[in-house]
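Notes follow the structure.
In the numbering used here, the protein residues as written are 125 to 270.
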């Protein structure tokens with residue numbers, strides 16, 4: 125994921141999701157990583173591994189014990205998968221879905237010279253790095269996903 129400290133929280137999450145880490149290490153498959161800024165993750169109403177529905181159903185101990193850790197890891201996996209597109213290069217207006225099962229179509233377009241991730245209108249700050257099997261794009265907000 126490179127050395128850009130502005131996305132080191134997300135980079136840490138990707139390393140904890142084995143299927144994504146393996147994909148990013150595999151030179152035979154290309155990906156575009158949509159890495160949210162640390163500040164975007166900090167603005168979330170909860171942590172990426174927290175699901176309000178799980179708190180409502182299970183209470184304050186939703187993430188305690190082995191089952192709680194499994195729930196948290198599953199939620200982190202969804203969060204990370206929603207931010208990885210299984211293609212690179214990713215051309216403007218080319219519709220794709222992230223690695224997250226059941227995710228909706230997403231695409232990017234330029235508006236007034238700024239790259240914008242659609243349909244949520246998330247500004248792409250920059251293409252932070254390019255490697256043999258893909259690119260890391262820094263985005264200014266966290267994607268909305270199911």
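Cβ atoms here follow ideal geometry from the backbone N, Cα and C, with glycine treated the same way.
Since the structure is predicted, the reported quantities are computational estimates derived from the model, not experimental observations.
- In chain order, 209, 211, 212, 214, 258, 259 and 261 place their CB closer than 7 Å to the CB of residue 156, counting only its own chain and leaving out the 5 sequence neighbours on each side.
- Contact check for residue 176 against residue 203 fails: the beta carbons are separated by 7 Å or more.
- The continuous stretches of beta strand (DSSP E) do not include residue 191, which lies in the alpha helix (DSSP H) extending over residues 189-205.
- The criterion of a C-beta distance shorter than 7 Å is not satisfied by residue 221 and residue 233.
- DSSP places residue 136 in the helix class (H, G or I) of the three-state scheme.
- When C-alpha distances from residue 135 are compared across 226, 149, 245 and 159, the shortest belongs to 159.
- The shortest C-alpha to C-alpha distance from residue 132 to any of 147, 164 and 231 is the one to 164.
- Annotation: the continuous alpha helix (DSSP H) that includes residue 162 extends over 162-166.
- Taking residue 268 as the centre and dropping the five residues before and after it, the same chain places the C-beta of 244 closer than 7 Å to its C-beta, in chain order.
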